[in-house]
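Quick note on the numbering used here: the sequence shown kicks off at 278 and runs consecutively.
From the three backbone atoms N, C-alpha and C, an ideal C-beta is built for every residue, glycine too.
Read the structure below first, then the notes.
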Amino acid sequence: MQFKTIKMIPLAGAIAFAFAGTVSAQEQIVKIGHVGPISGAIAHLGKDNENGAKMAIDDLNAKGVMIGGKKVKFELLAEDDAADPKQGTAAAQKLVDAKVNGVIGHLNSGTTIPASKIYYDAGIPQISPSATNPKYTLQGFNTAFRVCANDGQLGGTLGRYAVQVSKATKVAVIDDATAYGQGVATEFTKGAKSKLASVNIVATEHTTDKATDFNAILTKIKGTNPDVIFFGGMDAVAGPMLRQMKALGIKAKFMGGDGICTEALATLAGDAMADGQVVCAEAGGVEESGKKAMEDWKAAYKKKFGIDVQIYAPYVYDAVMTMVEAMKKAGSAEPAKYLPFLAKVKYKGITGNIEFDKNGDMKDGTMTLYTYKGGKRELIMVTH
Numbered sequence: 278m279q280f281k282t283i284k285m286i287p288l289a290g291a292i293a294f295a296f297a298g299t300v301s302a303q304e305q306i307v308k309i310g311h312v313g314p315i316s317g318a319i320a321h322l323g324k325d326n327e328n329g330a331k332m333a334i335d336d337l338n339a340k341g342v343m344i345g346g347k348k349v350k351f352e353l354l355a356e357d358d359a360a361d362p363k364q365g366t367a368a369a370q371k372l373v374d375a376k377v378n379g380v381i382g383h384l385n386s387g388t389t390i391p392a393s394k395i396y397y398d399a400g401i402p403q404i405s406p407s408a409t410n411p412k413y414t415l416q417g418f419n420t421a422f423r424v425c426a427n428d429g430q431l432g433g434t435l436g437r438y439a440v441q442v443s444k445a446t447k448v449a450v451i452d453d454a455t456a457y458g459q460g461v462a463t464e465f466t467k468g469a470k471s472k473l474a475s476v477n478i479v480a481t482e483h484t485t486d487k488a489t490d491f492n493a494i495l496t497k498i499k500g501t502n503p504d505v506i507f508f509g510g511m512d513a514v515a516g517p518m519l520r521q522m523k524a525l526g527i528k529a530k531f532m533g534g535d536g537i538c539t540e541a542l543a544t545l546a547g548d549a550m551a552d553g554q555v556v557c558a559e560a561g562g563v564e565e566s567g568k569k570a571m572e573d574w575k576a577a578y579k580k581k582f583g584i585d586v587q588i589y590a591p592y593v594y595d596a597v598m599t600m601v602e603a604m605k606k607a608g609s610a611e612p613a614k615y616l617p618f619l620a621k622v623k624y625k626g627i628t629g630n631i632e633f634d635k636n637g638d639m640k641d642g643t644m645t646l647y648t649y650k651g652g653k654r655e656l657i658m659v660t661h
């Protein structure tokens, strides 16, 4: 007797197959890209950003968001640009090829600006949580947005503070030759000069974002006896610079933008940072009414990841939520359909009210000034 062979489908596989078909019929996948430096000297900041994006995606999926009458599952596609413009454009193209619905990033202006052309050409909306160079939103790209103040606002505020509050008359300026560092240093100089024509810029020096030896620059600056040294760059360079300032006996106040304004700066500088010596500004910040919500969010972040927020994670979180709010308003996650709604979105986030001007910049963006005491970051004030 011959038996006919019958191919059996394992029960578990059959159930999984049937379930998958049901899910695909009901659930829409929305892919959101994130790019930041997950490797290199400022990987701690890039990971902070990526964590902010992960937290937003997890919260959205837990809520069960509906877009256009369909339940949505959000997926995060995370890429590493190592704070390098070439790697940044490669990461951008990878996300475009993956047909993401939107992009959050990049962290640095130097990677955000070249990547923005790739997203624009593909029609994919991009929100940077931390790129502050004004050029980013002045290229005429309707896909480019940011949820933080720009260098004109941030650097200018620091320049005015140096003159009006710190009473500086002699200022030295150093930048790290990146788009961010040069931009914030230029705006700082403009801000300082706008309030006191007689302020003297006694030195203008340049380094790189990978440098570790600043003795030659600082020795030249020491001879000018500045009241303030302003550094346009990131904390990974600012920390060693502060150490070398102390070794050379330079006691000038040290100022910088959000790139140095991190919890990690105190560790990177070691015992070289005197109480009140450093004044920095974060491109954003919550006013009194929003403090509890921010503290609660930071506590949830620490519980989830086991580490403290560095600086930008809340802005990444709000950037994701703002993008999704536009999708909900449009009833679609298709970039071309929700982009007009993103341009006119009004979203109340943990970092404050988010609304964009015609260029994609924040309307009435806040800035927070900080100093450091006892190795901890301490609030000076929130301003506009």
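Q) Residue range of the beta strand (DSSP E) that Val556 falls in? A) 555 to 559
Q) Which residues in the same chain have their Cβ closer than 6 Å to the Cβ of Glu564, if we skip the five residues on either side of it in sequence? A) Val659
Q) If you compare alpha carbons, which of Leu384, Ala375, Gly341, Gln364 is closest to Lys324? A) Leu384
**Q.** Endpoints, beta strand (DSSP E) assigned at Ser566
**A.** Unbroken run through Ser566: none, as it is neither H nor E.
Q. For Glu464, does the three-state DSSP call read helix, strand or coil?
A. helix
Q. Can you list, in chain order, the residues of its chain whose CB lies under 7 Å from that of Ala613, leaving out five sequence neighbours each side?
A. Gly400
Q | Three-state class that DSSP yields for Asn502 in the structure shown | A | coil
Q. Can you tell me whether DSSP reads Asp428 as helix, strand or coil?
A. helix
Q. Going by alpha carbons, who is nearest to Phe531 out of Ala330, Ile451, Asn378?
A. Ile451
Q) Taking the C-alpha atoms as reference points, what is the distance between Lys653 and Ala551? A) 11 Å
Q: Under 8 Å by Cβ, that's how I've got Gly468 and Gly510 pegged, so tell me the actual separation to the nearest angstrom.
A: Rounded, the Cβ-Cβ distance is 17 Å, inconsistent with contact.
(Q) Tell me the rounded alpha-carbon separation between Ala359 and Ala339. (A) Counting only the Cα atoms, Ala339 lies some 31 Å from Ala359.
(Q) For Leu646, count the other beta carbons within 10 Å of its own beta carbon; 16 or more makes it buried, fewer makes it exposed. Which is it? (A) Buried is the call here.
Q. Under the rule that 16 or more other beta-carbon atoms within 10 Å means buried, what is Pro617, buried or exposed?
A. Burial is judged here by how many other beta carbons sit within 10 angstroms of a residue's own beta carbon; Pro617 has fewer than 16 and is exposed.
Q: Just tell me which of Ile334, Asn477, Gly534, Ala426 has its CA closest to the CA of Ile631.
A: Residue Ala426 is the option with its Cα nearest to Ile631.
(Q) Whole angstroms are fine: how far does the CA of Gly345 sit from the CA of Ala515? (A) 48 Å
Q: Might you give, ordered along the chain, the residues of its own chain that have their beta carbon closer than 6 Å to the beta carbon of Ala368, omitting 5 neighbours on each side?
A: Val312, Glu356, Asp358
(Q) Just verifying my parser: in three-state terms, what is the DSSP assignment at Gly516? (A) helix
**Q.** Contact under 8 Å by Cβ, Val377 with Ile309
**A.** yes
Q: Might you give, ordered along the chain, the residues of its own chain that have their beta carbon closer than 6 Å to the beta carbon of Ala480, omitting 5 neighbours on each side?
A: If you ignore the 5 residues before and after Ala480, its C-beta comes within less than 6 Å of the C-beta of Ala449, Ile498, Thr501, all in its own chain and listed in chain order.
Q: Quick one: grab the DSSP three-state call for Gly436.
A: The answer is helix: DSSP assigns Gly436 an H, G or I state.
Q: Pull up the distance between the alpha-carbon of Phe422 and that of Pro411, whole angstroms please.
A: 11 Å
**Q.** Rounded separation between Ala607 and Val622 - CA only
**A.** 10 Å
**Q.** Continuous beta strand (DSSP E) stretch holding Ala449: start and end
**A.** 447 to 452
Q. How big is the Cα-Cα spacing for Gln403 and Met343?
A. Straight-line Cα distance between these residues: approximately 22 Å.
Q: Select from Ile315, Val349, Ala596 the residue whose C-alpha is nearest the C-alpha of Gln306.
A: Reading off the sequence, residue 306 comes out as Ile, not Gln. Closest option to Ile306, Cα to Cα, is Val349.
Q) From Phe582 to Asn328, what distance separates their C-alpha atoms? A) 8 Å
Q) Does the beta-carbon distance from Ala549 to Lys523 come in below 8 Å? A) yes
Q.
Could you pull the DSSP bridge partners for Gly626 from this structure?
A. Gly629
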